[in-house]
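Heads up: the sequence shown runs through residues 10 to 152, numbered per this note's numbering.
Note that beta-carbon positions come from the ideal geometry of N, C-alpha and C, so glycine has one too.
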Amino acid sequence: MQENFILTNSMEDYLEAISTLKQKKKYVRVKDIAKQMKVKMPSVTGALRTLTEKNLVRHEKYEYVELTEEGITIAEEIKRRHDLIFKFLIQVLRVDTKTAEQDACGIEHSVSPKTVEQLVKLVECIDTCVEGSQCCLLNFNRE
Numbered sequence: 010m011q012e013n014f015i016l017t018n019s020m021e022d023y024l025e026a027i028s029t030l031k032q033k034k035k036y037v038r039v040k041d042i043a044k045q046m047k048v049k050m051p052s053v054t055g056a057l058r059t060l061t062e063k064n065l066v067r068h069e070k071y072e073y074v075e076l077t078e079e080g081i082t083i084a085e086e087i088k089r090r091h092d093l094i095f096k097f098l099i100q101v102l103r104v105d106t107k108t109a110e111q112d113a114c115g116i117e118h119s120v121s122p123k124t125v126e127q128l129v130k131l132v133e134c135i136d137t138c139v140e141g142s143q144c145c146l147l148n149f150n151r152e
């Protein structure tokens, strides 16, 4: 990833939305993104302009939207963080699905790579622990 720019939470949300839509549809349009994100089409157009300048998407007026290789890489990392946080909230904290989804969307933008890796280890530990999460937490804290 280029280090000469910082993505806002909103820009990350657009990349994630484009990636999610691309998995469901052959082509992604501005109108699809607006519907997915519950925003107006001019907002999407402005975001796409910024993402195009950062070489994260390809989009010409009235054409389909595509992620660049770098855009795909970033979107996949955002999705990975989101899914991990969601899983942690559901499995460990026992948060309901709707709340976990909303919270994961907010938290995913501010978690450091180090915290993500620790969460990965914890969730994997819980997934593989036979005796349940209490056993896992004891073993996890020893690492």
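Beta carbon of residue i nearer than 7 angstroms to that of residue j
i: L24; j: D41; result: no
i: H118; j: N18; result: yes
i: G80; j: V66; result: yes
i: M153; j: V39; result: Shown here, the chain extends from 10 to 152; a query on residue 153 therefore has no answer.
i: L3; j: F97; result: The shown model of the chain, from 10 to 152, leaves out residue 3, and the question about it has no answer.
i: E21; j: I87; result: yes
Sheet register partners of residue i (DSSP bridge)
i: L76; result: V66
i: V37; result: V74
For residue j and residue i, believed in contact at Cβ under 8 angstroms, the rounded distance
i: L76; j: A84; result: 6 angstroms
i: I135; j: V104; result: Actually they do not touch by this definition, with Cβ atoms about 15 angstroms apart.
i: T177; j: H68; result: Any question about residue 177 goes unanswered here, given that the chain covers just 10 to 152.
Alpha helix (DSSP H) segment containing residue i, residue limits
i: Y23; result: N18 to K33
i: C134; result: P122 to T137
In the stretch 91-117, which residue ranges form an unbroken alpha helix (DSSP H) of at least 4 residues, counting only runs that do not cross its ends? 106-116
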